[in-house]
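Note that our numbering has the sequence shown beginning at 213, numbered continuously upward. For every residue, glycine included, the Cβ atom is placed at its ideal position computed from N, Cα and C. The structure appears below as structure tokens.
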Amino acid sequence: MQLKYQKVLVTGVAGFIGFHLAKRLLKDGYQVVGVDNINPYYEVALKEARLEKLKNEPNFSFYKLDLSDRKQLEDIFDGMGFDVVVNMAAQAGVRYSIENPYAYVDSNLVGFVNLLECCRHHQVKHLVFASSSSVYGANTKMPFSVHHNVDHPVSLYAATKKANELMAHTYSHLYQLPCTGLRFFTVYGPWGRPDMALFLFTRAIIEDKPIKVFNNGKMQRDFTYIDDIIEGVVRVMGRLPEANPTWNGDAPDPGTSSAPYKVYNIGNNNPVELIKFIEVIEGVLGKKAQKELMDMQPGDVVATYADVDDLMADVGFKPATPIETGIERFVKWFKEFYGHS
């Protein structure tokens with residue numbers, strides 16, 4: 213069922229995906245309220261620069277808050293009348309979750325249940341939330357499908373994202389809150405995160421510093437360009453999830469439910485080997501990388517590959533931007549933003 217909406221809450225609006233989503237929604241004429249705690253997980257100046265791009269928009273308002281602050285979050289919801297809530301706020305990063313697990317509990321678990329409670333009590337029409345390809349964990353059957361069980365995460369970050377899906381399903385079941393989870397596959401592009409491979413590699417190559425290439429470059433990732441991610445999110449926002457009439461508890465389908473709940477993959481459906489990804493960056497920069505070949509890191513998976521059949525069937529879209537195009541756009545932005553010639 214199609215949903216008409218006007219006012220959207222975007223959490224994590226100073227983050228990579230949240231920023232691009234807010235920008236797109238504002239361009240499309242929606243009223244956007246953004247919240248973010250501007251945490252220092254990576255350079256705050258980049259988050260503030262993203263916000264500056266949004267603050268001049270007349271239909272945008274911003275509140276600095278942490279989702280784990282229940283009272284502050286409730287105050288934002290009171291009287292706002294959000295039609296749709298899109299949760300892009302999370303403590304990100306697989307490796308960082310091994311070093312600092314409590315950050316993930318506060319943001320991804322406590323913060324998310326606070327958001328669910330607010331959506332429930334304020335009659336939000338649709339909650340869309342970011343999950344992650346990391347939930348596939350130890351699964352090796354490719355491509356990854358939302359209809360596969362995902363019960364073997366290999367990082368706490370992945371476990372919190374799986375927990376978000378379970379929590380959202382519970383609220384869909386108990387309170388008929390329409391919820392849609394989106395499993396993103398290795399998002400990249402302009403204004404991207406400094407802890408992600410493309411950003412790290414580009415900066416290091418420009419500065420003549422070595423790059424760490426894990427699993428000797430044999431990792432495969434379904435690199436997905438930011439504009440494709442946003443197109444998928446926007447299309448899903450307008451489509452209310454419906455109960456699957458054929459759902460059966462004797463053979464439960466993990467991707468659908470008897471409640472108004474749905475999960476989608478948003479990935480490029482075309483895994484690329486890390487060493488190939490680096491070669492494209494080298495080609496765009498016109499400069500070779502100094503590579504330090506390293507073993508697999510704890511919490512990492514060897515490959516990701518998205519089955520996007522459900523996304524295609526329901527909203528008529530699948531990501532298709534080739535890495536050559538996406539990397540070129542990122543490098544152009546990076547050089548302009550950081551003043552490299």
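N326 sits close to S280, with the two beta carbons spaced by under 8 Å.
A residue is called buried once 16 or more other Cβ atoms fall within 10 Å of its Cβ, and K235 is buried on that count. In the three-state scheme derived from DSSP, where H, G and I count as helix and E and B as strand, D248 is classed as strand. Looking only at V298, D278, D507 and D290, the smallest Cα-Cα distance to L221 is reached by V298. Under the DSSP assignment, G393 falls outside any alpha helix (DSSP H), being part of the beta strand (DSSP E) whose first and last residues are C391 to F396. Counting only residues of its own chain and dropping the five nearest sequence neighbours on each side, E260 has a CB closer than 8 Å to the CB of A226 and I250. Judged by beta-carbon spacing, T516 lies beyond the 8 Å limit of R405, meaning their Cβ atoms are not closer than that value. By the criterion of a C-beta distance shorter than 8 Å, S344 is surrounded in its chain by Y369, A370, K373, R395 and F396, once the five residues flanking it on both sides are discounted.
Taking 4 residues as the shortest admissible run, the region 264-314 contains the following complete alpha helix (DSSP H) segments, listed from N- to C-terminal end: 282-289 and 308-311.
In the three-state reduction of the DSSP assignment, S343 falls in the strand class, which pools E and B.
For C391, the CB contacts under 6 Å within the same chain, skipping 5 residues up- and downstream, are L339, A380, S384 and Y473 in chain order. DSSP places T533 outside both helix and strand once states are collapsed to three, so it counts as coil. If you draw a straight line from the Cα of R332 to the Cα of R282, it comes to about 14 Å. The three-state secondary structure of A501, taken from DSSP, is coil. Here L486 is buried: its Cβ has 16 or more other Cβ atoms, across all protein chains shown, within 10 Å. For K216, no alpha helix (DSSP H) encloses it, and the DSSP letter there is neither H nor E. Under DSSP, Y473 forms a beta bridge with C391.
As DSSP reads the structure, T223 sits in a beta bridge with V247 and N299.
Between the C-alpha atoms of T436 and D521 there is a straight-line separation of about 16 Å. Between the region 498-514 and the region 528-544 there are fewer than three inter-stretch CB-CB distances shorter than 8 Å, so the stretches are not counted as touching. Under the three-state reduction of DSSP, Y242 is assigned to coil, being neither helix nor strand. Nearest C-alpha to L266 among S470, D295, L523 and K239: K239. DSSP, read as helix, strand or coil, puts V322 in helix.
According to DSSP, residue pairing for Q432 in a beta bridge involves E485 and A515. For P510 and N271, the gap between their C-alpha atoms comes out near 43 Å. In the three-state reduction of the DSSP assignment, R405 falls in the coil class.
Here the C-alpha atom of I288 lies approximately 36 Å from the C-alpha atom of E548.
Rounded to whole angstroms, the gap between the alpha carbons of V513 and M213 is 36 Å.
By alpha-carbon distance to N268, the top candidate from T458, V244, G450 and P252 is V244.
In the DSSP annotation of this structure, the continuous segment of the alpha helix (DSSP H) that includes V448 starts and ends at I438 to M449.
When rounded, the separation of the alpha-carbon atoms in K337 and R451 is 11 Å. Cβ neighbours of E286 within its own chain (closer than 7 Å, five residues either side excluded): C330.
Within its own chain, the residues whose Cβ lies closer than 6 Å to the Cβ of I417, once the five positions on either side in sequence are excluded, are L497, K499 and A501, listed in chain order.
In the displayed model, K424 falls within a strand according to three-state DSSP.
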